[in-house]
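Quick notes on the structure that follows.
Number of protein chains: 2
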Amino acid sequence: MNKKTTIYDIAKKLDTTAATVSRALNNNPKISASTRKLVLETAAQMNYKQNKLALALQSGKSGNIGVIVPRIDSNFFASVIRGIEDELQPEGYHVIICQTHENEKREIENINTLLNAQVDGILMSASNVSKENNSIIKRVIEKNVPLIFFDRKKNIDGVSSVTINDFEGGYLATKHLIGEGCTKIAHLTGDQSLEIYENRNNGYKKALQDSGIEYNEDYIIQTKSSVEAGRQAVEKLLKLKNPPNAIFSSSDFAALGAIQELKEQGIRIPEDFCVFGFGNEPFTKFMELSISSVDQSPMEMGKMAAQVFLEQVNSTEKFKIEKKVVLNPELHIRKSSLRHAL
Amino acid sequence: MNKKTTIYDIAKKLDTTAATVSRALNNNPKISASTRKLVLETAAQMNYKQNKLALALQSGKSGNIGVIVPRIDSNFFASVIRGIEDELQPEGYHVIICQTHENEKREIENINTLLNAQVDGILMSASNVSKENNSIIKRVIEKNVPLIFFDRKKNIDGVSSVTINDFEGGYLATKHLIGEGCTKIAHLTGDQSLEIYENRNNGYKKALQDSGIEYNEDYIIQTKSSVEAGRQAVEKLLKLKNPPNAIFSSSDFAALGAIQELKEQGIRIPEDFCVFGFGNEPFTKFMELSISSVDQSPMEMGKMAAQVFLEQVNSTEKFKIEKKVVLNPELHIRKSSLRHAL
DNA sequence: CTGTTAGCGCCTTCAT
DNA sequence: ATGAAGGCGCTAACAG
Numbered sequence: 247m248n249k250k251t252t253i254y255d256i257a258k259k260l261d262t263t264a265a266t267v268s269r270a271l272n273n274n275p276k277i278s279a280s281t282r283k284l285v286l287e288t289a290a291q292m293n294y295k296q297n298k299l300a301l302a303l304q305s306g307k308s309g310n311i312g313v314i315v316p317r318i319d320s321n322f323f324a325s326v327i328r329g330i331e332d333e334l335q336p337e338g339y340h341v342i343i344c345q346t347h348e349n350e351k352r353e354i355e356n357i358n359t360l361l362n363a364q365v366d367g368i369l370m371s372a373s374n375v376s377k378e379n380n381s382i383i384k385r386v387i388e389k390n391v392p393l394i395f396f397d398r399k400k401n402i403d404g405v406s407s408v409t410i411n412d413f414e415g416g417y418l419a420t421k422h423l424i425g426e427g428c429t430k431i432a433h434l435t436g437d438q439s440l441e442i443y444e445n446r447n448n449g450y451k452k453a454l455q456d457s458g459i460e461y462n463e464d465y466i467i468q469t470k471s472s473v474e475a476g477r478q479a480v481e482k483l484l485k486l487k488n489p490p491n492a493i494f495s496s497s498d499f500a501a502l503g504a505i506q507e508l509k510e511q512g513i514r515i516p517e518d519f520c521v522f523g524f525g526n527e528p529f530t531k532f533m534e535l536s537i538s539s540v541d542q543s544p545m546e547m548g549k550m551a552a553q554v555f556l557e558q559v560n561s562t563e564k565f566k567i568e569k570k571v572v573l574n575p576e577l578h579i580r581k582s583s584l585r586h587a588l
Numbered sequence: 247m248n249k250k251t252t253i254y255d256i257a258k259k260l261d262t263t264a265a266t267v268s269r270a271l272n273n274n275p276k277i278s279a280s281t282r283k284l285v286l287e288t289a290a291q292m293n294y295k296q297n298k299l300a301l302a303l304q305s306g307k308s309g310n311i312g313v314i315v316p317r318i319d320s321n322f323f324a325s326v327i328r329g330i331e332d333e334l335q336p337e338g339y340h341v342i343i344c345q346t347h348e349n350e351k352r353e354i355e356n357i358n359t360l361l362n363a364q365v366d367g368i369l370m371s372a373s374n375v376s377k378e379n380n381s382i383i384k385r386v387i388e389k390n391v392p393l394i395f396f397d398r399k400k401n402i403d404g405v406s407s408v409t410i411n412d413f414e415g416g417y418l419a420t421k422h423l424i425g426e427g428c429t430k431i432a433h434l435t436g437d438q439s440l441e442i443y444e445n446r447n448n449g450y451k452k453a454l455q456d457s458g459i460e461y462n463e464d465y466i467i468q469t470k471s472s473v474e475a476g477r478q479a480v481e482k483l484l485k486l487k488n489p490p491n492a493i494f495s496s497s498d499f500a501a502l503g504a505i506q507e508l509k510e511q512g513i514r515i516p517e518d519f520c521v522f523g524f525g526n527e528p529f530t531k532f533m534e535l536s537i538s539s540v541d542q543s544p545m546e547m548g549k550m551a552a553q554v555f556l557e558q559v560n561s562t563e564k565f566k567i568e569k570k571v572v573l574n575p576e577l578h579i580r581k582s583s584l585r586h587a588l
């Protein structure tokens, strides 16, 4: 097993010193063109490759950035990560992914191991927002490691974030339903400790209010983001003395479940009942009865998060940059909510 | 910005030496219980965290493994990566992801930067199989970096791989179609330089042969894995003087496109025409007309690949281990191909 | 321009 | 059981 060739090896061969070789390799101006050429040639010939680890230790920058997500096998997070990787790879960064599986302990562990691995930055979608792990967040900030939240953020001073305007998404979707003539609109929401669901919920409320529709507590159902949960929510809703005639769901999966259940109950969509989802999962547009949904442009989100990181790390400013990017959601209106022609 | 505390800092504070601290921290037996306790305590108190970079440089192991995929925002690859990360994270490894976007140059670049970053292993799904980058593969092998292919492998001596039995998948799907009474079965295949498509194609052929059905060259259409490509394929097929009455598609997306086109042409599924896909993408089971598909158990594949890597890296054997794991595909039979009750 | 020296933080002989 | 020294591979500071 032939050992790696180092700059010392090539220095020895050229009867010079490692410093000179290093300079030649790094386009340092303080070196003659001739020796540079010589070094470059023999380096190539000896098949020299820089050991990034040594560079990392010496410079304190590993060239790695950590990305923490609840899970990677979801279209949304995978797309965000794609955006991040596409943007950071050309800049010479490697992307390390960590999954929390919505487990706060894992989240803390992940941050710790990333810090110990000397990552140059952390981009994360927080699994939850309990106070507890704010101490770990503090550690990140103290170590001066750029931290950027995406999608699920925590409100912390000095920490940048890239999110979509969930409020606006909820507002527009609900407004659309109202425009289609829906008068009794239910809302499937998620974990209220997460801002994103709270904001979508608030957008929904505001839309009702702006249209003079009374807010009905019974129409708000908290569900998991799953098909089954959507079905169960509809079961509950249809049992009300005054059942709704539309649903704005914070999850595409729940929206799908809702549609399945509605159909089984013989309710026609969109004639009798409209459904609007959130997330624009691929399947929403593939369905025969395609599902209207709010697009979150996840890839854009990833790219933006990466750019914010790059700005931050390349900044020469003494003070910290805090940047809050808010992307606009986009309505994809499809059959499940479309009564009138567009 | 408070600098990190090192073992020297804590050595100084305890009026001892870094070596002792190191020993205490690493459960080295050659140290007294008392000093160990003392070191551990003050380490905790000074909030010491090991710098993995230094360890990596000195040990030659970075604790990172690289995963190379065509793209991450596909359910299949995302699921494989999930499996890998779930398996490797408990072992203390970090997973670096690289996308090639099916670009061979990117693939080579990725391998090179991963090697320079001193990854402890590379798991990859090859974007293609041209001879050209076998030299880079050779470099990986020479450097003794464990290399494991998954899904899209190259046949190289001494290199392990985890794949599914694509031949069997193609065979079973086709057999099923025949069992449903389909007599003229077309096949949508992919890039023939990739073994996976070749194998699925061969399984298809064998199934026909075993059932005494003649192979018809006109029924083989090479398509990209996209909805649009599937539609176009159907257009072509229906123009034949003797059009088929079933399709086995190597791609779920092409299968979906095929179904859309067939429906538009007024052809009833599954009564007049059966369709079978490959990949078991989430949407296949969500459709109202659910699509039959071959499941590749991607998460299992990722877990297996990770395990093979661990075996390899933990092995004390002098000789290289070459392990070829082949997972069994599983048929998910749904409406698009189900005429008889199960 | 080039060589010398030193250090990034850690571990591991080799002495003691 | 502990200390001293050296090295992983590289770059930066300081001399010449």
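Chains as they are written, first to last, in our numbering: chain A, 247 to 588; chain B, 247 to 588. Backbone N, C-alpha and C define an ideal beta-carbon position, used for all residues, glycine too. In this text the structure is predicted, and so the values were computed from the model without any measurement.
In the three-state reduction of the DSSP assignment, K566 (chain A) falls in the coil class. In the three-state DSSP reduction, V391 (chain A) falls in the coil class, being neither helix nor strand. Annotated three-state conformation of S536 (chain B) is coil, per DSSP. A Cβ-Cβ separation of about 6 Å places F522 (chain B) in contact with L423 (chain B) under the 8 Å criterion.
Contact between I410 (chain A) and V386 (chain A) fails: their C-beta atoms lie close to 24 Å from each other, not under 8 Å.
Look at E527 (chain A) here: in three-state DSSP terms it is coil, with no helix or strand label.
Going by DSSP, I354 (chain B) is part of the alpha helix (DSSP H) stretching over E350 to N362. In chain order, I342, I343 and C344 make up the part of chain B whose C-beta sits under 9 Å from the C-beta of V341 (chain A).
Under the criterion of beta carbons closer than 8 Å, Q304 (chain A) and N297 (chain B) do not qualify as touching, at roughly 12 Å.
Residue state for T263 (chain B) is assigned as coil, using DSSP reduced to three classes. Shown here, H578 (chain B) sits in a strand according to DSSP, grouped into three states. At the C-beta level, L434 (chain B) and A479 (chain B) come within 7 Å of one another.
Within the segment 491-522 of chain A, the residues whose Cβ lies closer than 7 Å to any Cβ of chain B are, in chain order, L502. Of B:L361, B:N462 and B:E337, the smallest CA-CA separation from P392 (chain B) is found for B:L361.
The segment 538-557 of chain B makes contact with the segment 321-332 of chain B; the number of CB pairs closer than 8 Å reaches 3 or more. Under the three-state reduction of DSSP output, T346 (chain B) falls in the coil class, being neither helix nor strand.
A Cβ of chain B is located within less than 7 Å of the beta carbon of K295 (chain A). With respect to chain A, the C-beta atom of E534 (chain B) has a partner C-beta closer than 7 Å. Distance check between V267 (chain A) and each of A:E414, A:L286 and A:N491 places A:L286 closest, using alpha-carbon atoms only. DSSP, reduced to helix, strand and coil, places N560 (chain B) within a helical segment of the structure shown. In summary, R398 (chain A) is buried, with 16 or more beta-carbon neighbours lying within 10 Å of its beta-carbon over all protein chains present.
For D366 (chain B), not one C-beta of chain A is nearer than 7 Å to its own C-beta.
Listed in chain order, the non-local C-beta contacts of P489 (chain B) below 7 Å within the same chain comprise L483, local neighbours out to five positions each way being set aside. Under DSSP, M370 (chain A) forms a beta bridge with A:I314 and A:F395.
For V408 (chain B), the enclosing beta strand (DSSP E) stretches over residues S406 to I410. Residue environment for P275 (chain A): exposed (fewer than 16 other C-beta atoms within 10 angstroms of its C-beta). Annotated as distal: F519 (chain A) and V540 (chain A), with beta-carbon spacing of 7 Å or more. For F323 (chain A), the enclosing alpha helix (DSSP H) stretches over residues N321 to L334. In the three-state reduction of the DSSP assignment, S308 (chain A) falls in the coil class, being assigned neither a helical nor a strand state. Taken through DSSP and simplified to helix, strand or coil, V386 (chain B) comes out as helix. Per DSSP, S280 (chain B) is one residue of the alpha helix (DSSP H) stretching across A279 to Q291.
Within the segment 548-560 of chain A, no residue has a Cβ lying closer than 8 Å to any Cβ of chain B. Under the Cβ criterion of 7 Å, E474 (chain B) is not counted among the residues facing chain A. The Cβ-Cβ distance between Y450 (chain B) and T429 (chain B) does not fall below 7 Å.
For S495 (chain B), the beta-bridge partners assigned by DSSP are B:L434. By the rule that beta-carbons nearer than 7 Å mark a contact, D261 (chain A) does not touch chain B.
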